[in-house]
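K.L.:
In my numbering, the protein residues as written are 171 to 607.
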């Protein structure tokens, strides 16, 4: 009798040990369904076993959600498939004593974040007269569905074929005065004025929506003042900046890119991908789309590039993406959780190097937009976040304590409570899966 009890107990422990490794879809779905936070809005979830190639848990995984910056995963994959290891900096031809160049959308040119400036060095080293061939970009300066209310915000620079200084002005306080990069002077296309009639809370610089006139309030800026403001892009503005940086810049020409041309390489593509994904940089995302156009003989038009990508390299997604910009600033972007999971699997296969891939994504508790979540000695979440007002999402990779490699997409749309509450619920559920699978 005693022997029978012992055997029964051992069998019970063995049963529990075996089945502790198996995900219980009902348990996860119940956690989502019973969450006081998540039950108040539209939630989608998909969990996929990367090794078994099997979907484990799904909730509204076939429904469309506003992805916000999860859109950058689509831009990332497009770049992986369609760009070389080093991005195209300029395309140019030489004729006699002249060098004509076409912008490729390279976002690093004269960008303060990138000390290495191979394009600038090449142009400065040339003894030829330099001409910029204009008119290559054919989309509007903002993406489809972007809000004009945010024109003064750092995260919404204008899109352009030849960006300079990341199409923004950096203001900060130095020696008891407000200074800028690039520096404002009499020959600058930018003007900073003090306007005591402008009423605003705190010290904030505002640009006129149609011009490059910047206004700051009267009084002293705080000691730690810093602000990034997009400038208004125009041919004349960019030409003035080129002239101030290139002594042999001679003007602009209206000329289409010929069949035969040379390409001047810029920086490693992985550098751009990482700098896009970790802080969720909208500007880099949009410019990568343009660089794809320039590098593949496509019209430099966001819609043309996206249509090409959807037709040629995303045709196997479970649900057709409704995709309109590179960054996810537009609320017209719509993807399903199961399509994002499949996209992440395609990214994983395309990169083919887990260490390289995870280094480019935010790491839980360590880097990027996940640095304050999933605290652990070793990161176990490698994912892209996406936020707009009333929307917050996460999609990427999850490694469990038992070493299982999973892909997940957790989408939350149309909530009215604090984003932090939704973020914390996602962290709770994803951490539970990490610990118990």
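Note that CB positions come from ideal geometry on N, CA and C, so glycine has one too.
Count Cβ pairs between the segment 294-303 and the segment 446-461 that sit closer than 8 Å; are there 3 or more?
P.N.:
Contact fails: fewer than three Cβ-Cβ distances are below 8 Å.
K.L.:
Could you tell me how far apart the beta carbons of residue 272 and residue 262 are, in whole angstroms, since I believe they sit closer than 8 Å?
P.N.:
Locating residue 272 in the chain shown gives position 102, counting from the first residue. Locating residue 262 in the chain shown gives position 92, counting from the first residue. Confirmed, Cβ separation roughly 7 Å.
K.L.:
Between 334, 515, 543 and 400, which lies nearest to residue 132 when the distance is taken from Cα to Cα?
P.N.:
Any answer about residue 132 is impossible in this case: the structure gives the chain only from 171 up to 607.
K.L.:
Taking the alpha carbon of residue 385 as the reference point, which residue from 395, 561, 362 and 393 has its own alpha carbon closest?
P.N.:
Here residue 385 refers to the residue found at position 215 of the chain shown. Selected option, being the one with the closest Cα: 362.
K.L.:
To the nearest angstrom, report how far apart residue 358 and residue 405 are at their CA atoms.
P.N.:
By 1-based counting over the chain shown, the position of residue 358 is 188. By 1-based counting over the chain shown, the position of residue 405 is 235. Between residue 358 and residue 405, the C-alpha separation is close to 14 Å.
K.L.:
Count the other CB atoms within 10 Å of the CB of residue 429; is the residue buried (16 or more) or exposed (fewer)?
P.N.:
One-based indexing of the chain shown puts residue 429 at position 259. With fewer than 16 Cβ atoms within 10 Å of its Cβ, residue 429 is classed as exposed.
K.L.:
Hey, out of 433, 335, 601 and 477, whose CA is closest to residue 546's CA?
P.N.:
If you number the chain shown from 1, residue 546 lands on position 376. Here the closest residue by C-alpha is 601.
K.L.:
Please identify the residue among 345, 389, 408 and 344 whose C-alpha is closest to the C-alpha of residue 365.
P.N.:
One-based indexing of the chain shown puts residue 365 at position 195. Measuring from the Cα of residue 365, the nearest candidate turns out to be 389.
K.L.:
May I have the straight-line CA-CA distance separating residue 425 from residue 302, to the nearest angstrom?
P.N.:
Along the chain shown, one-based indexing puts residue 425 at 255. Along the chain shown, one-based indexing puts residue 302 at 132. Going from the Cα of residue 425 to the Cα of residue 302 covers about 9 Å.
K.L.:
Which word fits residue 396, buried or exposed, when buried means at least 16 other C-beta atoms lie within 10 angstroms of its C-beta?
P.N.:
If you number the chain shown from 1, residue 396 lands on position 226. Flag for residue 396 reads exposed.
K.L.:
Work out the CA separation of residue 497 and residue 305 for me, nearest whole Å.
P.N.:
In the chain shown, the residue the question calls residue 305 occupies position 135. In the chain shown, the residue the question calls residue 497 occupies position 327. Cα to Cα, residue 305 sits roughly 23 Å from residue 497.
K.L.:
Is the separation between the beta-carbon of residue 237 and that of residue 503 shorter than 8 Å?
P.N.:
Counting from 1 along the chain shown, the entry for residue 237 is found at position 67. Counting from 1 along the chain shown, the entry for residue 503 is found at position 333. Contact flag set, yes.
K.L.:
Excluding the five sequence neighbours on either side, which residues of its own chain have a C-beta within less than 8 Å of the C-beta of residue 462, listed in chain order?
P.N.:
Within the chain shown, the letter at position 292 stands for residue 462. Contacts found: 248, 249, 252, 253, 468, 475 and 479.
K.L.:
Under the three-state reduction of DSSP, which class applies to residue 349: helix, strand or coil?
P.N.:
Here residue 349 corresponds to residue number 179 of the chain shown, with the count starting at 1. Strand at residue 349.
K.L.:
Taking the beta strand (DSSP E) that residue 578 belongs to, which residues open and close that run?
P.N.:
Taking the chain shown and counting its residues from 1, the one referred to as residue 578 is at position 408. 575-583 is the span of the beta strand (DSSP E), which, as asked, contains residue 578.
K.L.:
Under 8 Å by Cβ, that's how I've got residue 591 and residue 530 pegged, so tell me the actual separation to the nearest angstrom.
P.N.:
As a working note, residue 591 is residue 421 in the chain shown. As a working note, residue 530 is residue 360 in the chain shown. Not a contact, Cβ separation roughly 29 Å.
K.L.:
Just verifying my parser: in three-state terms, what is the DSSP assignment at residue 565?
P.N.:
Within the chain shown, residue 565 is the residue found at index 395, counting from 1. Of the three classes helix, strand and coil, the one that applies to residue 565 here is strand, per DSSP.
K.L.:
So which of 274, 443, 410 and 555 has the shortest CA-CA distance to residue 521?
P.N.:
Start at 1 with the first residue of the chain shown, and residue 521 comes out as number 351. For residue 521, the nearest C-alpha among the options comes from 443.
K.L.:
Does the distance from the C-beta atom of residue 621 to that of residue 231 stay below 8 Å?
P.N.:
Past the edges of the chain, shown from 171 to 607, lies residue 621, and the structure says nothing about it.
K.L.:
Determine the direct distance from the alpha carbon of residue 416 to that of residue 209, and round the result to whole angstroms.
P.N.:
As a working mapping, residue 209 is identified with position 39 in the chain shown. As a working mapping, residue 416 is identified with position 246 in the chain shown. Roughly 58 Å between the two C-alpha positions.
K.L.:
If residue 581 and residue 214 are in contact, beta carbons under 8 Å, what's the gap, nearest whole angstrom?
P.N.:
Residue 581 sits at position 411 when you count from the first residue of the chain shown. Residue 214 sits at position 44 when you count from the first residue of the chain shown. About 4 Å; that satisfies the 8 Å criterion.
K.L.:
Would you mind sorting residue 278 into buried or exposed? The rule is 16 or more other CB atoms within 10 Å of its CB.
P.N.:
Residue mapping note: residue 278 aligns to position 108 of the chain shown, counting from 1. Buried.
K.L.:
Given this structure, state the Cα-to-Cα distance separating residue 524 from residue 449, to the nearest angstrom.
P.N.:
Locating residue 524 in the chain shown gives position 354, counting from the first residue. Locating residue 449 in the chain shown gives position 279, counting from the first residue. The alpha-carbon atoms of residue 524 and residue 449 are separated by roughly 20 Å.
K.L.:
Can you tell me the Cα-Cα spacing of residue 588 and residue 413, whole angstroms?
P.N.:
Translated into positions along the chain shown, residue 588 becomes position 418. Translated into positions along the chain shown, residue 413 becomes position 243. So the alpha carbons of these two residues sit roughly 48 Å apart.
K.L.:
Could you give the residue range of the alpha helix (DSSP H) that holds residue 196?
P.N.:
Counting from one through the chain shown, the residue named residue 196 turns up at place 26. Residues 195-203.
K.L.:
Report, in whole angstroms, the separation of the C-beta atoms of residue 506 and residue 233, which I expect to be a contact under 8 Å.
P.N.:
Walking along the chain shown from the start, residue 506 turns up at place 336. Walking along the chain shown from the start, residue 233 turns up at place 63. Indeed they touch by this definition, with Cβ atoms about 6 Å apart.
K.L.:
Taking the beta carbon of residue 349 as the centre, do at least 16 other beta carbons fall within 10 Å, making it buried, or is it exposed?
P.N.:
Translated into positions along the chain shown, residue 349 becomes position 179. The residue in question, residue 349, is exposed, as its Cβ has fewer than 16 Cβ neighbours within 10 Å.
K.L.:
Which residue comes first and which comes last in the alpha helix (DSSP H) that contains residue 244?
P.N.:
Here residue 244 corresponds to residue number 74 of the chain shown, with the count starting at 1. It spans 241-252 - the alpha helix (DSSP H) in which residue 244 sits, taken as one unbroken run.
K.L.:
Could you tell me the alpha carbon to alpha carbon distance between residue 410 and residue 223, rounded to whole angstroms?
P.N.:
Position 240 of the chain shown, counting from 1, holds the residue named residue 410. Position 53 of the chain shown, counting from 1, holds the residue named residue 223. Going from the Cα of residue 410 to the Cα of residue 223 covers about 55 Å.
K.L.:
So for residue 256, helix, strand or coil by DSSP?
P.N.:
As a working note, residue 256 is residue 86 in the chain shown. Reduced to three states, the DSSP call for residue 256 is strand.
K.L.:
Among 270, 274, 200 and 269, which one has its Cα closest to the Cα of residue 258?
P.N.:
Along the chain shown, one-based indexing puts residue 258 at 88. It is 274 whose Cα lies nearest to the Cα of residue 258.
K.L.:
Check whether the Cβ atoms of residue 376 and residue 322 sit closer than 8 Å, and answer yes or no.
P.N.:
By one-based count along the chain shown, residue 376 stands at place 206. By one-based count along the chain shown, residue 322 stands at place 152. Cβ atoms of residue 376 and residue 322: closer than 8 Å.
K.L.:
Could you check whether residue 308 and residue 470 sit closer than 8 Å to each other, using their CB atoms as the reference points?
P.N.:
For the purposes of this step, residue 470 is taken as the residue at position 300 of the chain shown. For the purposes of this step, residue 308 is taken as the residue at position 138 of the chain shown. Result yes, Cβ atoms of residue 470 and residue 308 sit closer than 8 Å.
K.L.:
Using C-beta distances below 8 Å, list every residue in its chain close to residue 393, excluding the 5 sequence neighbours before and after it, in chain order.
P.N.:
As a working mapping, residue 393 is identified with position 223 in the chain shown. Around residue 393: 343.
K.L.:
My understanding is that residue 578 touches residue 565, with C-beta atoms under 8 Å, so please give their C-beta distance in whole angstroms.
P.N.:
On the chain shown, position 408 is the one that residue 578 refers to. On the chain shown, position 395 is the one that residue 565 refers to. About 7 Å; that satisfies the 8 Å criterion.
K.L.:
Please state whether the Cβ-Cβ distance between residue 334 and residue 293 is less than 8 Å.
P.N.:
On the chain shown, residue 334 is found 164 positions in, with the first residue counted as 1. On the chain shown, residue 293 is found 123 positions in, with the first residue counted as 1. No, Cβ-Cβ distance for residue 334 and residue 293 is not below 8 Å.
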